[in-house]
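*Asks:* In our numbering, the protein residues as written are 712 to 994.
Positions of the beta carbon are idealized from the N, C-alpha and C atoms, including for glycine.
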Amino acid sequence: MRLGAHQSIAGGFQTAVRLAEEDGCEALQVFTKVANQWKEPTVSPAQAAPFRAGVERLGLQPVLSHVSYLVNLCSEDPAIRERSVDSLARELRRCEVLGIPYVVLHPGAHKGQGPATGIAQVAAGLDAAFARADAGGRVGARVLLETTAGQGTALGRTFEELAAILAAARCARRLAVCFDTCHALAAGYDWTTAKGYAEVFRALDAALGLDRLLAFHLNDSKKGVASRVDRHAWIGDGVIGLEPFRRLVRDRRFARTPGVLEIPPAGEDRGYRENLARLRALA
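1) Extract the residue ranges of the alpha helix (DSSP H) inside the region 876-944, only unbroken runs of 4 or more that lie entirely within it.
2) Looking only at C-alpha atoms, which of D916, G722 and F841 sits nearest to L873?
3) Does the distance from the CB of L856 to the CB of L799 come in under 9 Å?
4) With distances taken Cα to Cα, identify the nearest neighbour of G1041 among Y813, G982 and A827.
5) Hey, could you find the ends of the alpha helix (DSSP H) A987 is sitting in?
6) Quick check: the Cα distance between L896 and G723, rounded to an integer number of angstroms?
7) Alpha carbon to alpha carbon, how far is I830 from A875?
8) For D941, which residues of its own chain have a beta-carbon under 7 Å away from its beta-carbon, when the five flanking residues on both sides are left out?
9) Run through the DSSP bridge pairs and tell me what S776 is partnered with.
10) Helix or strand or just coil, what does DSSP make of A1011?
11) What does H717 pair with, by DSSP beta-bridge criteria?
12) Go through its chain and collect everything with a Cβ distance to G851's Cβ below 8 Å, but skip five positions before and after it.
Next up, the structure:
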């Protein structure tokens with residue numbers, strides 16, 4: 712597995728490259744904008760050039776972006792759905808300029824409309840976002856639907872919900888999956904034992920195909936199996952523990968797959984260097 716972390720772009724995209732180098736990352740995830748604002752900046756080729764050069768120099772491949780937390784393609788509010796489509800389209804355009812091939816997206820929360828309606832809206836929103844992004848020239852990035860803990864009305868708790876989105880989307884060939892280790896446990900997928908590990912990835916393969924599993928978010932969990940509560944922890948410090956991560960980072964099926972940390976900081980310590988060391992000690 713290509714191990715890395717989600718890094719800040721405060722001060723410019725080159726900040727993420729510098730932090731990735733300091734932490735010893737092999738893969739990288741970034742926000743391409745402020746994650747909790749609708750403001751949509753543009754990125755020029757000149758602005759992207761130092762980032763692209765740094766990524767190439769360090770061999771940080773593949774790079775992932777994470778879509779804004781505000782985006783909800785299945786909101787009950789049509790205005791929010793439209794704004795979300797526009798935001799995702801602009802994200803895809805920014806990633807085209809930055810050379811980022813994977814865009815990680817939370818499927819969204821249906822807000823009481825029901826899963827079937829939400830799934831249809833997410834699929835339609837993805838199709839619309841790609842069509843809008845392609846108006847400036849076909850974009851190369853793929854959208855990775857992230858597995859979720861299933862808090863509230865969030866979609867993506869089950870592999871079958873993600874599969875239903877893929878089945879309903881015309882752009883399905885441009886979609887894939889990001890497996891969050893904390894979210895999966897909280898959703899009810901107990902991958903902490905050898906038997907459970909095999910069963911979970913067998914189920915994922917049956918529903919989605921392992922060829923669609925293109926990235927991991929590597930997080931321990933503060934909450935237990937099927938809690939449906941999303942609380943990340945440092946590797947080995949949560950209820951998952953070290954042994955399941957040993958199994959994962961040694962799995963040859965994922966030898967070239969990026970696995971990025973999204974752990975909470977401990978005061979001033981972002982914790983990435985320490986947690987990458989823990990994972991590498993298991994490999």
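*Replies:* According to the data block:
1) 892-898 and 905-918
2) Position 162 of the sequence shown, counted from the first residue, corresponds to residue 873. The shortest Cα separation from L873 among D916, G722 and F841 belongs to D916.
3) Here residue 856 refers to the residue found at position 145 when the sequence shown is read from its first residue. Here residue 799 refers to the residue found at position 88 when the sequence shown is read from its first residue. Going by C-beta atoms, L856 is not nearer than 9 Å to L799.
4) The structure shown does not extend to residue 1041, since the chain spans only 712 to 994, so no value can be given for it.
5) For the purposes of this step, residue 987 is identified with residue 276 of the sequence shown, where counting begins at 1. A small fix is needed here, since residue 987 is Leu in this sequence, not Ala. Y983 to L993 is the extent of the alpha helix (DSSP H) around L987.
6) Within the sequence shown, residue 896 is the residue found at index 185, counting from 1. Within the sequence shown, residue 723 is the residue found at index 12, counting from 1. Approximately 34 Å, taken between the alpha carbons.
7) The residue given as residue 830 occupies position 119 in the sequence shown. The residue given as residue 875 occupies position 164 in the sequence shown. Near 7 Å, if we compare the C-alpha coordinates of A875 and I830.
8) For the purposes of this step, residue 941 is identified with residue 230 of the sequence shown, where counting begins at 1. Only A860, Q862, C893, H894 and A897 meet the Cβ criterion.
9) Numbered from 1 along the sequence shown, position 65 holds the residue referred to as residue 776. BP columns for S776 point to V741 and V814.
10) Residue 1011 falls outside the range modelled here, since the chain spans only 712 to 994, and no answer is possible.
11) Here residue 717 is taken as the residue at index 6 of the sequence shown, counted from 1. For H717, which the question treats as bridged, DSSP gives the partners Q740.
12) The residue labelled residue 851 in the question sits at position 140 within the sequence shown. Closer than 8 Å at the Cβ level, and outside the excluded window around G851, lie E807 and P812.
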